[in-house]
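Below is one structure, written out as structure tokens; the observations come after it.
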């Protein structure tokens, strides 16, 4: 019984039988076991085990030294053949390396971009515990999904729910002119925020006290850059900034500049108290002016769910009565901070967000381009297999087994990919300024980035090396030495089929990308040229917050109209592209209220904006009652309300909760796009009320705008002395909504160019390979009288067929993909068949050009040269 | 005249001494006895293999035994060439020691 247990360690036996010459290991194992038992019987099992282990050491040592020696020798040989191959076939090596490098450079840039997008808002300490309170639900039969929350929410959350560690509101302030001494700037990035703002978020203060910086009214915290702008190197603390020539704000702190990857962007933070001092009703009002964002920080992330479950009670207590009046069911939700940039599609977001869809698109582009580049490598490697076949045959004859060869070829492809990475890094360096201007991202590469970049780069090298090298390795290592060494070997039909599939694959992807580019461009053009219901060209808008202007509006308008080149002037709350306010209204004939968008405007608005009245009349200065009684509605409103004869009907507009002012509809305006073409037109009221007028819209004659602007500036000095002339063009602002599409288009077009360039590099290589292989055939054909054209046709026919096939496959793929993208737009271009046909033909033409360069060269070579050797 | 290395020499002498009982374990013990150094078993096989390749020793497979885990002993025997080599060694050794005094140290 004991006999069984006294056995030498299995591991030891296995090592010996694996590593020791088979001629020896049988007797050695026997001897060792005998000695082991003898020792075990006399000195115990553990001693004998130790002894056994010691016996193995020299075996291991000699094995390691041996394999290092032979491995080193083989490695030297592998390296030599690899380098020799690279050097001897400069053209192919160039195609291979540059193709891979282009693909890698694209991927690296895209990795930078994706990493930047994914890093949004994660720099805050404990970012997983920060949530934004949003409101989602139904109101009046329409979905309501807003990123904002009522002003008093934050304090009630803070006092009633112990799991909330901090709650902070932030709301944007309108454009303000800010002055210090003789420096004055128009500031668009001013926000109000609670004192807790600096604690909920990680915006570290460089100067000032976190606890008190935003406590008192009329205090302001600046970012470093803003502080430098006003105060240079001086200490800003305790100095005063003059807002709108009226109020003095004391600088109580300076924070570090906001990182680029923060969805909250601002230049100055005023204390929330300031806004309560200016508008005392705001503090306690749950209903009016819901325009601020509320963020909470929880003690632990798992408290989110239970806390969210408690919020309906709060909603019911504070807003239940009003919601009932609007047939609404709205709930508070907690949205994780990290989701805001990429996954939030609510109304009234803090700023323009990214879109996770684009992350997926870009990731797909990176994979596609890299795949195309890897396919190139595979193609060229298998096409050239005949050249390596003899080497493989010889290696096999002298004892290489298949595994050795596979490792050899994978090693070669990986080192090629390493070389490609070096070249790619040079490309990246060169393309970086372009990348930054397109993506708007400033890359900073420090130690922190290198910590993940270097492993990522090596991962990329390995992935590309193995992906590109796998098929050639398997294919080449399978070559039969007998066949090769007996006489020339041709690349078999199997590898030819594989190459064709790869060429088709490359061009499917390239053509699909070209179609994508065309469709995006079409959509942009469509949106820009679509009849948006008003004339956005030649309209200048002047921002003003000067109350004096409102009081003397008629004189101001008259003064501006005196400027030569000015056709119309109108004061309004918003011009198209700026968004609009909303208000609760009760239209005639319906018992319940609803929420409509509205703008305030004077009687010249429609004329200035080139909008048309389809029913009833425009506002008139001559009808005195208009100024407090009249409203215009758009066609959509009429349709929504189902009114046959809208003129003369009344709509009651909420002044505050349960207090309404009736207005009479005097006319119907033709529908116009007020916000963007992503959204369909919604009901809109134009209120002829001279309140909240913040913009003067100026219609110019189509002439030299620069001249007119100079004149307007002069006039502005007399109208609003000491105020900046802060203006923009309506068409520019309106077209800004296309910016993300235009960016996508630029990125897509450059990447699809690259994709097709890489595919063509491969095609070029294949064509030259084919031309070389068929050199003799071409020579004979030429001697027998074939024309150059016939030979070119012979060489390029197959490639053209493949590209044509690729187009056929790419069309449905691209059709499906572009449809998915277009569905995101309310107004979308139709897909033209010509986009598809043209892209296919374009790819075909490029392919033909690539192939025929080689084909013509081969065909026009003197047959004597190719035939004289026989 | 080519001379064997010391370890080869020791092994050759051990095999001669052990006669029909010369297998790995026994050879090692013989050498340990003579040198007082605890030779690793593995260190024996290299020289043994070398001697075998030089045709100085021949191997004879024995019967498998249970205490060896069912593996057969491999016995070593001197070939004629091995025997000659051994003679040479002895001659050289006695020739070089000839006439020296006994060492007292």
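Residue numbers (my numbering), protein chains in the order written: chain C, 1 to 870; chain B, 1001 to 1105.
Just so you know, even glycine gets a beta-carbon here, dropped at the ideal spot from N, CA and C.
* To do: Compare the C-beta of residue 9(C) against all C-beta atoms of chain B and say whether one is closer than 8 Å.
  => no
* Asked: Span of the beta strand (DSSP E) holding residue 270(C)?
  -> 268-271
* Asked: Can the beta-carbon of residue 566(C) be found less than 8 Å from the beta-carbon of residue 729(C)?
  -> no
* Does the Cβ of residue 295(C) have 16 or more other Cβ atoms within 10 Å, making it buried, or fewer, making it exposed? -> buried
* What did DSSP end up calling residue 444(C) once you bin it into helix, strand or coil? -> coil
* Does residue 460(C) come within less than 8 Å of chain B when only Cβ atoms are used? -> no
* To do: Answer with yes or no whether the minimum CB distance from residue 1083(B) to chain C is below 8 Å.
  => no
* For residue 770(C), name the three-state secondary structure that DSSP assigns. => helix
* **residue 14(C) at chain B interface by Cβ criterion, 8 Å** => no
* Counting only beta-carbon atoms, is residue 29(C) nearer than 8 Å to chain B? -> yes
* Asked: Which residues in chain B sit within 7 Å of residue 32(C), going by Cβ to Cβ distance?
  -> 1041
* Hey, out of 327(C), 321(C) and 43(C), whose CA is closest to residue 138(C)'s CA? -> 327(C)
* To do: Would you kindly check if the distance between the Cβ of residue 169(C) and the Cβ of residue 193(C) is under 8 Å?
  => yes
* Determine the burial state of residue 150(C): buried for a count of at least 16 other Cβ atoms within 10 Å of its Cβ, exposed for fewer. => buried
* Which of helix, strand or coil DSSP assigns to residue 1093(B) -> helix
* To do: Could you tell me whether the segment 363-370 of chain C touches the segment 747-766 of chain C, where touching means 3 or more Cβ pairs closer than 8 Å?
  => yes
* How is residue 223(C) classed by DSSP in three states: helix, strand or coil? -> strand
* Asked: Can you name the residues that DSSP bridges to residue 186(C)?
  -> 177(C)
* How is residue 143(C) classed by DSSP in three states: helix, strand or coil? -> strand
* Could you run through the segment 1058-1089 of chain B and flag, in chain order, every residue whose CB is less than 9 Å away from some CB of chain C? => 1059, 1061, 1064, 1065, 1066, 1067, 1068, 1069, 1070, 1071, 1072, 1073 and 1074
* Using a Cβ cut-off of 8 Å (strictly closer), state whether residue 432(C) contacts chain B. => no
* Name the one or two DSSP bridge partners that residue 336(C) has. => 131(C)
* To do: Spell out the partners DSSP gives residue 205(C) in its beta bridges.
  => 255(C)
* Asked: Are the C-beta atoms of residue 1036(B) and some chain C residue less than 8 Å apart?
  -> no
* Reduced DSSP secondary structure (H/G/I, E/B, other) of residue 832(C) -> coil
* **Close-in-space but distant-in-sequence residues of the same chain around residue 576(C) (CB under 6 Å, 5 per side omitted)** => 674 and 734
* **Beta bridge counterpart(s) of residue 248(C) as assigned by DSSP** => 242(C)
* What whole-angstrom Cβ distance do residue 713(C) and residue 568(C) have, given they're in contact under 8 Å? -> The Cβ separation is near 19 Å, so there is no contact.
* To do: Could you check the C-alpha separation between residue 330(C) and residue 136(C) for me, to the nearest Å?
  => 5 Å
* Asked: Does any residue of chain B bring its CB to less than 8 Å from the CB of residue 18(C)?
  -> no
* **residue 62(C) versus residue 52(C) - alpha carbon distance** => 17 Å
* To do: List the residues of chain B whose Cβ lies closer than 7 Å to the Cβ of residue 42(C), in chain order.
  => Going along chain B, no residue has its Cβ under 7 Å from residue 42(C), so there is no contact; the nearest lies around 14 Å.
* Compute the Euclidean distance between the alpha carbons of residue 626(C) and residue 668(C), then round it to the nearest angstrom. => 15 Å
* Just the chain B side, please: which residues come within less than 8 Å of residue 37(C) by C-beta, in chain order? => 1067
* Asked: Distance, Cα to Cα, residue 496(C) vs residue 382(C)?
  -> 8 Å
* Opening and closing residue of the alpha helix (DSSP H) in which residue 408(C) lies -> 402-439
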